[in-house]
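S.K.: Residue numbers (the numbering used here): 55 to 418.
Backbone N, C-alpha and C fix where the C-beta goes; we use that ideal spot for every residue, glycine too.
Being a predicted model, the structure only gives us computed values, none of them experimental.
First, the structure itself, so that you have it in front of you.
Here's what the structure looks like:
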């Protein structure tokens, strides 16, 4: 039985569900480490593959610092072999992102091969080329479509560096709704420059083809690394949690469950409990084959190995020690939120050197 199935059933039980929320991260981590001990751990949530570093937009906070295609990106044959190996390991989901994956000429052929090998495919795209590839995309078995809206139309176009980017993103959502892709998520990366636009976006999200709206603070990685202007302060984080409480039922809005732990807000219910599954239930593979535990940090210094040098199975079984040991900061074990946090988002911890407790702790 998968971790997600167990969690879903627990959350339906009134008393046990509340108890589970307060301890979810510790329980899931312990379960994953036991599976690993007996050689049965696999990336149950998904494996993310960055199909290319090429992108037709230029977001100033891009996690993968995308722009031009890399000189040594995986060939179609190499990706096919990777997919075959994932299938043989029992991996159920492949999330295809980038860059902009739809710029890769063979992308639909690759996703079709994943389907043939019984992998459901998720697509992360800015939506620009969805209409161009509508016929091919409609033939795929997709479990997820994920796109971004950074604010109101004019602001989104400015942030993405291209006119009509908002219109293309909305068109992509509508087309995937017509294709009946069950989960269609809009992600908004929230920072001081756009937090004031969230109220205005509510009706736009309602009118779009989205089934869920995810709000995430900017991670201090990629192009945003070292730019303090993107960081939300304590008051802004609390405005964000208040906004989610206010509109959660209207537009199915929430934090991403793996992005950051937010104290009593996280434990109070709604959405999935926080859990950073980096290197435990998920991992990422870059366009040139580097295997990363975290889906937000793509620095080669954090690579667990390259699939050109070792099999993915070997890397998964023998690597990821930085995610699977219990080397938490010294003040973590004595924190009253440790069972629900377990150190928080790994990317935040690496980039900031701490969790976000200093920002949300006044809520307690």
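For residue 242, which of helix, strand or coil comes out of DSSP?
M.R.: Start at 1 with the first residue of the chain shown, and residue 242 comes out as number 188. DSSP, reduced to helix, strand and coil, places residue 242 within a strand of the structure shown.
S.K.: Mind pulling the alpha helix (DSSP H) runs of 4 or more residues that sit fully within the segment 318 to 364?
M.R.: 318 to 321
S.K.: Evaluate contact between the segment 182 to 192 and the segment 136 to 149, counting only Cβ atoms and requiring at least three cross-stretch pairs below 8 Å.
M.R.: no
S.K.: Please classify residue 97 as buried or exposed, where buried requires at least 16 other C-beta atoms within 10 Å of its C-beta.
M.R.: Along the chain shown, one-based indexing puts residue 97 at 43. Classification for residue 97: buried.
S.K.: I think residue 328 touches residue 78, with their Cβ atoms under 8 Å apart; what is that distance to the nearest whole Å?
M.R.: Within the chain shown, the letter at position 274 stands for residue 328. Within the chain shown, the letter at position 24 stands for residue 78. Contact holds; Cβ gap of about 7 Å.
S.K.: So, is residue 63 buried or exposed, given that buried needs 16 or more other C-beta atoms within 10 angstroms?
M.R.: The residue labelled residue 63 in the question sits at position 9 within the chain shown. So residue 63 ends up on the exposed side.
S.K.: Taking residue 230 and residue 209 to be in contact with their CB atoms under 8 Å, please state how far apart those CB atoms are, rounded to whole angstroms.
M.R.: The sequence position of residue 230 within the chain shown is 176, counting from 1. The sequence position of residue 209 within the chain shown is 155, counting from 1. Not quite, the Cβ-Cβ distance comes to about 23 Å (not below 8 Å), so this is no contact.
S.K.: Could you check what DSSP says for residue 301 in three-state terms: helix, strand or coil?
M.R.: Position 247 of the chain shown, counted from the first residue, corresponds to residue 301. Helix, per DSSP.
S.K.: With burial defined as no fewer than 16 other Cβ atoms inside 10 Å of the residue's Cβ, what is the status of residue 113: buried or exposed?
M.R.: Against the chain shown, residue 113 aligns to sequence position 59. Per the 10 Å Cβ criterion, buried.
S.K.: Going straight from the alpha carbon of residue 361 to that of residue 133, what length do you get?
M.R.: The sequence position of residue 361 within the chain shown is 307, counting from 1. The sequence position of residue 133 within the chain shown is 79, counting from 1. Cα-Cα distance, rounded: 10 Å.
S.K.: Can you round the beta-carbon distance between residue 383 and residue 314 to whole angstroms, since I take them to be within the 8 Å contact cut?
M.R.: Counting from one through the chain shown, the residue named residue 383 turns up at place 329. Counting from one through the chain shown, the residue named residue 314 turns up at place 260. Going by Cβ atoms, the distance from residue 383 to residue 314 rounds to 15 Å, so no, they are not a contact pair.
S.K.: Would you identify the three-state DSSP class for residue 399, choosing helix, strand or coil?
M.R.: Numbered from its first residue, the chain shown carries residue 399 at position 345. Looking at residue 399 - three-state DSSP - the assignment turns out to be coil, as it is neither helix nor strand.
S.K.: Output the distance between the C-alpha atoms of residue 130 and residue 357, rounded to the nearest integer angstrom.
M.R.: Looking up residue 130 in the chain shown gives position 76. Looking up residue 357 in the chain shown gives position 303. Their Cα atoms are separated by approximately 22 Å.
S.K.: For residue 379, is the classification buried or exposed, using 16 other Cβ atoms within 10 angstroms of its Cβ as the cut-off for buried?
M.R.: Stepping through the chain shown from its first residue, residue 379 is reached at position 325. Residue 379 comes out exposed.
S.K.: If we count the other Cβ atoms within 10 Å of its Cβ and call it buried at 16 or more, is residue 396 buried or exposed?
M.R.: Looking up residue 396 in the chain shown gives position 342. Classification for residue 396: buried.
S.K.: Figure out for me which residue from 143, 173, 191 has the closest Cα to the Cα of residue 155.
M.R.: Here residue 155 refers to the residue found at position 101 of the chain shown. Looking at the Cα atoms, 191 is the closest of the given residues.
S.K.: For the segment 90 to 160, which segments carrying the alpha helix (DSSP H) assignment without a break, of at least 4 residues, lie completely within its bounds, in sequence order?
M.R.: 130 to 142
S.K.: Using the Cα positions of residue 352 and residue 108, report the straight-line distance between them to the nearest angstrom.
M.R.: Position 298 of the chain shown, counted from the first residue, corresponds to residue 352. Position 54 of the chain shown, counted from the first residue, corresponds to residue 108. If you take the alpha carbons of residue 352 and residue 108, they lie about 15 Å apart.
S.K.: How many whole angstroms separate the CB atoms of residue 147 and residue 106, which I take to be in contact at a CB cut-off of 8 Å?
M.R.: Along the chain shown, read from residue 1 onward, the residue named residue 147 stands at position 93. Along the chain shown, read from residue 1 onward, the residue named residue 106 stands at position 52. Their Cβ separation, rounded to whole angstroms, is 20 Å, which puts residue 147 and residue 106 out of contact at 8 Å.
S.K.: Label residue 355 either buried or exposed according to how many other C-beta atoms from any shown protein chain fall within 10 Å of its C-beta, with 16 as the threshold for buried.
M.R.: Taking the first residue of the chain shown as position 1, residue 355 is located at position 301. Label assigned to residue 355: exposed.
S.K.: State yes or no: is the C-beta of residue 336 within less than 8 Å of the C-beta of residue 92?
M.R.: As a position in the chain shown, residue 336 is number 282, starting the count at 1. As a position in the chain shown, residue 92 is number 38, starting the count at 1. Result no, Cβ atoms of residue 336 and residue 92 do not sit closer than 8 Å.
S.K.: Considering Cα atoms alone, identify which of 143, 240, 104, 110 is closest to residue 128.
M.R.: Against the chain shown, residue 128 aligns to sequence position 74. Comparing Cα positions, the closest option is 104.
S.K.: Judging by CA-CA distance, which residue of 162, 394, 152, 172 is the nearest neighbour of residue 434?
M.R.: Residue 434 is absent from the structure shown; the chain starts at 55 and stops at 418.
S.K.: How is the alpha helix (DSSP H) around residue 256 delimited, first residue to last?
M.R.: As a first step, residue 256 must be located in the chain shown, where it is residue number 202. Its alpha helix (DSSP H) spans residues 252 to 261.
S.K.: Would residue 111 and residue 180 qualify as a contact pair, given that the criterion is a beta-carbon distance under 8 Å?
M.R.: The residue given as residue 111 occupies position 57 in the chain shown. The residue given as residue 180 occupies position 126 in the chain shown. Remark: C-beta atoms of residue 111 and residue 180 approach each other more closely than 8 Å.
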